[in-house]
Amino acid sequence: MKPIALTTPLFYVNGLPHIGSAYPTIAADALARFYRLMGHPTLFVTGTDEHGQKIQRTAEQNNLPPQEHCDRIVTEFHHLWNLLDIQFDRFIRTSDPRHTAITREFFQRVYAKGDIYLDRQQGWYCVACEEFKEERDLLADQHCPTHPNLACEWRDEANYFFRLSRYQEAIAAFHDQHPNFIQPEPRRNEVLKFIDQGLRDFSISRINLTWGIPLPIDPQHTLYVWFDALLGYLTALLDPQAEPTLTNALGHWYPFHVHIIGKDILRFHAVYWVAMLLSADLPLPSRVFGHGLLTRDGIKMGKTLGNVIDPFDLVTRYGADAVRYYFLKEIEFGKDGDFSEDRFVAILNADLANTFGNLLNRTLGMAGKYCQQRVPIPHATALDPTLQPLQTLGSSLGDRTQQHYQNLNFRAACDTILDLIRDCNKMVDETTPWKRFKAGQQEEVDAILYTLLESVRLAAYLLSPIIPNLSREIYRQLGLDFQQSTWQHHQWGTLAPNTVLLSPSPIFQRLDPPSP
RNA sequence: GGCAGCAUAGCUCAGCCGGUUAGAGCGACGGUCUCAUAAUCCGUAGGUCCCCAGUUCAAGUCUGGGUGCUGCUACCA
894 MKPIALTTPL FYVNGLPHIG SAYPTIAADA LARFYRLMGH PTLFVTGTDE
944 HGQKIQRTAE QNNLPPQEHC DRIVTEFHHL WNLLDIQFDR FIRTSDPRHT
994 AITREFFQRV YAKGDIYLDR QQGWYCVACE EFKEERDLLA DQHCPTHPNL
1044 ACEWRDEANY FFRLSRYQEA IAAFHDQHPN FIQPEPRRNE VLKFIDQGLR
1094 DFSISRINLT WGIPLPIDPQ HTLYVWFDAL LGYLTALLDP QAEPTLTNAL
1144 GHWYPFHVHI IGKDILRFHA VYWVAMLLSA DLPLPSRVFG HGLLTRDGIK
1194 MGKTLGNVID PFDLVTRYGA DAVRYYFLKE IEFGKDGDFS EDRFVAILNA
1244 DLANTFGNLL NRTLGMAGKY CQQRVPIPHA TALDPTLQPL QTLGSSLGDR
1294 TQQHYQNLNF RAACDTILDL IRDCNKMVDE TTPWKRFKAG QQEEVDAILY
1344 TLLESVRLAA YLLSPIIPNL SREIYRQLGL DFQQSTWQHH QWGTLAPNTV
1394 LLSPSPIFQR LDPPSP
């Protein structure tokens, strides 16, 4: 099976992890879990980007060495990922010494290509943004528009530049030949138009900044963001004990199957990153997916507004599966979305407690009473015209769901699976097994319950990348061990008759509406 | 300013190549069953499918214009 390597962004450690970090990480984890489900060797890469003046100054403000500041923040990332059941395979930190080796080697390749040169950069520099600003964009007294309370500093300094302009045509040609590289599709046009404008070289170093990776050719300079952070993806591919060389890094998992990122940094992945790899003569990733941004109750989140979503708080109160399900099911990945606690509670109760959880519960209850707590035999009966559609739906569910996962359309995946569950609930009411049991129609009851149990099992299996804990618990109640499942489980008929079932126990308790 | 996209039931959205009474989920209201987590199931929601004009036997679905909203417009991890 084809190896799959995928990434989240490497998150900047200028503060505690927030929902903007958790969101793509949840999605990436779900995708990675799905590929593992299918049996692909899968490498899920995440990590942190730790260099730069902003970090250095933040650390100074806290009277900490930068490395220690980063260590502390990274601990919080690990904590959050643990709470959210994020099963990453690699957590790369750009302060990792191996990363220095990789960036140096990569830099040398690009330098040898003649794509790096020294030039002068002058202008107003916002330390908070860590970037030069155009004069016309500034507010009064050279204050930065994004940081109105901060005055920009005048800088006149030497920077090394990367010859992005040289790759104008190559990048355009690449995107022309790979129309699915940028996803979702609407974002593609933005990038293409940006390229058409004409690409300008960008600076890749800062001078007099100690918290960073020195340039091999000029230690006075340290690498600036893109030639540092993006290369973290490559460093992450190194096996733990391997010598940090590009050859070792790129041997097994490269190239990446997908980079999952926020739409705000799409351009850097679809243009800069592509050009950098072209310059280094390395293969390009298969695609870059730019997800949408989140609002809170319809309002943009911000520290100043004090309306940020605290992922620690959320996952502590509701649990990992609930949080994962809401963000993946209720918000279309790739579009902007909204978080509202009212909706959060409503969706979880409706989908996980009432529709899904309750179906398992009522079905197990009936199996206990009517089938000696065992999986019954799916007899052929007069009810076949009623049950057949569900089996047909279930038989194709794996394939249909797979398409949605691979397109990172988690919402559609959930909807497709829930459709089966909803149909099952209808079928129960239509066939009234309790009446048939009293009437002595045992074979019909068996057929009904087998269809229900198998539907629940199948739904749990296919939903497991999103709600891993609930799926495992459903499997357990069905008398199966999720750990031992294989991709064969996407097929209808996996549940073996006579399997001993457990007594029903709600897998997801209804949530109380949030108090105002 | 320029370019692009979007505008469908209270909410979130489906509606492919134009074609009978415009759909789903959620929420709300009413009812039902009783296997079940006061869950389920059924019914109701009378929606100018943003507005105007046009093409067509026929437009939510195509064309033009208008209004509104959003995104992109270079160094924002």
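In this note's numbering, each residue carries its 1-based index in the first sequence increased by 893. Backbone N, C-alpha and C define an ideal beta-carbon position, used for all residues, glycine too. Just so it is clear, the structure is predicted and the values come from calculations on it, not from any experiment.
Grab the span of the alpha helix (DSSP H) containing residue i for me, first residue to last.
{"i": "Q1061", "result": "Q1061 to Q1070"}
{"i": "G1333", "result": "Careful: G1333 lies outside any alpha helix (DSSP H) and carries neither H nor E."}
{"i": "W1119", "result": "W1119 to A1122"}
{"i": "P1112", "result": "Per DSSP, P1112 belongs to no alpha helix (DSSP H); it is in the beta strand (DSSP E), D1111 to L1116."}
{"i": "R1002", "result": "P990 to A1005"}
{"i": "I1158", "result": "Taken as a continuous stretch (DSSP letters only), I1158 belongs to no alpha helix (DSSP H), as it is neither H nor E."}
{"i": "S1172", "result": "W1166 to S1172"}
Quick check on the DSSP output: the beta strand (DSSP E) that includes residue i runs from which residue to which?
{"i": "N1052", "result": "E1046 to F1055"}
{"i": "E1024", "result": "E1024 to K1026"}
{"i": "T1387", "result": "Element bounds for T1387: n/a, residue is neither H nor E."}
{"i": "F1182", "result": "V1181 to H1184"}
{"i": "A898", "result": "I897 to Y905"}
{"i": "I1367", "result": "Not the beta strand (DSSP E): I1367 falls in the alpha helix (DSSP H), residues P1361 to Q1370."}
{"i": "F984", "result": "R983 to R986"}
Residue i and residue j: beta carbons closer than 8 angstroms?
{"i": "L1057", "j": "F1095", "result": "yes"}
{"i": "R1437", "j": "Y1004", "result": "Outside the shown range of the chain (894 to 1409) lies residue 1437, about which nothing can therefore be said."}
{"i": "D1235", "j": "L1187", "result": "no"}
{"i": "I985", "j": "G932", "result": "no"}
{"i": "L1404", "j": "V1238", "result": "yes"}
{"i": "F1161", "j": "Y1263", "result": "no"}
{"i": "T987", "j": "G1144", "result": "no"}
{"i": "L1252", "j": "P1397", "result": "no"}
{"i": "T1285", "j": "A1340", "result": "no"}
{"i": "T935", "j": "I897", "result": "yes"}
{"i": "L1171", "j": "Y1147", "result": "no"}
{"i": "L1313", "j": "A1352", "result": "yes"}
{"i": "V1020", "j": "I966", "result": "no"}
{"i": "S1233", "j": "D1190", "result": "yes"}
Once DSSP output is grouped into helix, strand and coil, what is the label at residue i?
{"i": "P1077", "result": "coil"}
{"i": "K1193", "result": "strand"}
{"i": "Q1014", "result": "strand"}
{"i": "A1129", "result": "coil"}
{"i": "Y1147", "result": "coil"}
{"i": "L1043", "result": "coil"}
{"i": "H944", "result": "coil"}
{"i": "D1231", "result": "strand"}
{"i": "I1270", "result": "coil"}
{"i": "C1037", "result": "coil"}
{"i": "C1019", "result": "strand"}
{"i": "V1224", "result": "Reading off the sequence, residue 1224 comes out as Ile, not Val. Three-state result, I1224: coil."}
{"i": "L936", "result": "strand"}
{"i": "H911", "result": "coil"}
{"i": "L1403", "result": "What sits at residue 1403 in the sequence shown is Arg, not Leu. Correct three-state label for R1403: coil."}
{"i": "S1398", "result": "coil"}
{"i": "V1238", "result": "helix"}
{"i": "R1293", "result": "helix"}
Give me, in chain order, the residues of the same chain whose beta-carbon lies closer than 7 angstroms to that of residue i; leave out the 5 immediate sequence neighbours on both sides.
{"i": "R1080", "result": "K1156, L1159 and G1183"}
{"i": "P1399", "result": "G1250 and N1254"}
{"i": "Q1035", "result": "W1017, A1044 and C1045"}
Apart from the five residues just before and just after residue i, which ones in its own chain have a Cβ nearer than 8 angstroms to its Cβ?
{"i": "T1209", "result": "L976"}
{"i": "G1195", "result": "V1201"}
{"i": "A923", "result": "R1217, L1221, Y1298, F1303, P1358 and I1359"}
{"i": "Q1061", "result": "I1088, G1091 and L1092"}
{"i": "D1229", "result": "G1185, L1186, L1187 and T1188"}
Only counting the same chain, and skipping five residues up and downstream in sequence, which positions put a Cβ closer than 6 angstroms to that of residue i?
{"i": "R1350", "result": "L1371 and L1388"}
{"i": "P902", "result": "I1154"}
{"i": "L1123", "result": "W1166"}
Could you say if the segment 1234–1243 and the segment 1321–1328 meet the contact criterion of at least three C-beta pairs nearer than 8 angstroms?
no
Does the structure place the segment 1377–1385 close enough to the segment 1335–1346 that three or more beta carbon pairs sit under 8 angstroms?
no
Sufficient close CB pairs (3 or more, under 8 angstroms) joining the segment 933–947 to the segment 1357–1373:
no
Is the number of C-beta pairs between the segment 1384–1403 and the segment 1267–1285 that are closer than 8 angstroms three or more?
yes
I'd like to know if the segment 1127–1142 and the segment 955–968 are in contact, where contact means that at least 3 CB-CB pairs between them fall below 8 angstroms.
no
Could you say if the segment 968–983 and the segment 915–922 meet the contact criterion of at least three C-beta pairs nearer than 8 angstroms?
Touching, per the Cβ criterion.
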